[in-house]
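Novice:
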Amino acid sequence: MKTSNNINFAWFITISMLCLLATSQLTTDFYSKTCPNLRTIVRDQITKVIKTEPRMAASLLRLHFHDCFVNGCDASILLDGADGEKFALPNINSARGFELVDSIKSAVESSCSGVVSCADILAVAARYSVVFVSIMNIYMKMKIVGIIVIGNPGPFGTDGVVTAHTIVFKQPTIITILHHEQSNRIYAE
């Protein structure tokens, strides 16, 4: 039994040491020398589209997730083909944002041809879309002050009224508690 514990401990130490040696290859400044305009191009394209269609940020994040989930981040979800991920049954009529990724790719190719992979473009696009939407949310949160009540119920309450209490802290954090009163429920409370 003692030998088994020693072997388990040795494996734990070995795996822990290997984890310390692990490093990632893609950083935000990975293409700073080979394609210095990459971040600006992607940010400008995304800003232009998300200002008119804010849901596109979630679509790009979903594309990146589905690309990385199946076979690793290889941009296989962007490939046109009857048997590819792009036209797979779960993605039909639900995956979108391909046109935006194509326009970003063509803009990047016109600036620095053959340098940036489609998988990296998709990763950078997903990152900037989330950052852009987060910045928009922080800006909107900074405009809110104090406690806000949406929908003022009557003095004794009214059926079907939705009220929201929003509390804003010093940091850009918001907690919203929704109360919805509904009558004629199937199950008694």
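Residue numbers (mature numbering (1 follows the signal peptide of the UniProt record, and there is no 0)): -24 to -1, 1 to 165. Glycine included, every Cβ here is placed at the ideal spot set by N, Cα and C.
Looking at the secondary structure, which residues open and close the alpha helix (DSSP H) in which K27 lies?
Specialist: 14 to 28
Novice: Looking at C-beta atoms only, is the number of pairs between the segment 80 to 89 and the segment 10 to 23 that lie closer than 8 Å three or more?
Specialist: yes
Novice: Any idea what DSSP makes of A(-3), helix, strand or coil?
Specialist: coil
Novice: Could you give the C-beta distance for F108 and A33, rounded to a whole number, given that I count them as a contact under 8 Å?
Specialist: About 7 Å; that satisfies the 8 Å criterion.
Novice: From L(-7) to S52, what does the alpha carbon distance come to, in whole angstroms?
Specialist: 30 Å
Novice: Who are the near neighbours of I26 in its chain, counting only those whose CB is closer than 6 Å to its CB and skipping five residues on each side?
Specialist: M32, A33, F108
Novice: Along the chain, where does the alpha helix (DSSP H) containing C44 start, and where does it finish?
Specialist: 32 to 47
Novice: Closer than 8 Å is the cut-off here; do at least three beta carbon pairs connect the segment 39 to 54 with the segment 93 to 109?
Specialist: yes
Novice: How long is the line joining the alpha carbons of T(-11) and I68, rounded to whole angstroms?
Specialist: Taking the straight line joining both Cα atoms gives about 45 Å.
Novice: Note down the Cα distance separating D59 from N(-20), rounded to an integer number of angstroms.
Specialist: 49 Å
Novice: Measure the C-alpha to C-alpha separation of L37 and L98 and round it to an integer number of angstroms.
Specialist: Their Cα atoms are separated by approximately 9 Å.
Novice: If we count the other Cβ atoms within 10 Å of its Cβ and call it buried at 16 or more, is E29 buried or exposed?
Specialist: exposed
Novice: Using only CA atoms, which one of A101, P66, L65, T4 lies nearest to D78?
Specialist: A101
Novice: Leaving aside the five residues before and after N13 along the sequence, list all residues of the same chain whose C-beta is less than 6 Å from its C-beta, in chain order.
Specialist: S87
Novice: Just to confirm my understanding: we take K81, look at its own chain, exclude 5 residues before and 5 after, and list those with CB closer than 7 Å. What are they?
Specialist: C94, I97
Novice: Which same chain residues end up closer than 6 Å to P66 when comparing Cβ atoms and leaving out the 5 residues on each side of it in sequence?
Specialist: none
Novice: Using DSSP with H/G/I as helix, E/B as strand and the rest coil, what is V107?
Specialist: helix
Novice: CA-CA distance, S105 and G57?
Specialist: Near 26 Å, if we compare the C-alpha coordinates of G57 and S105.
Novice: Count the other C-beta atoms from every protein chain shown that fall within 10 angstroms of the C-beta of E61, then say buried if there are 16 or more, exposed otherwise.
Specialist: buried
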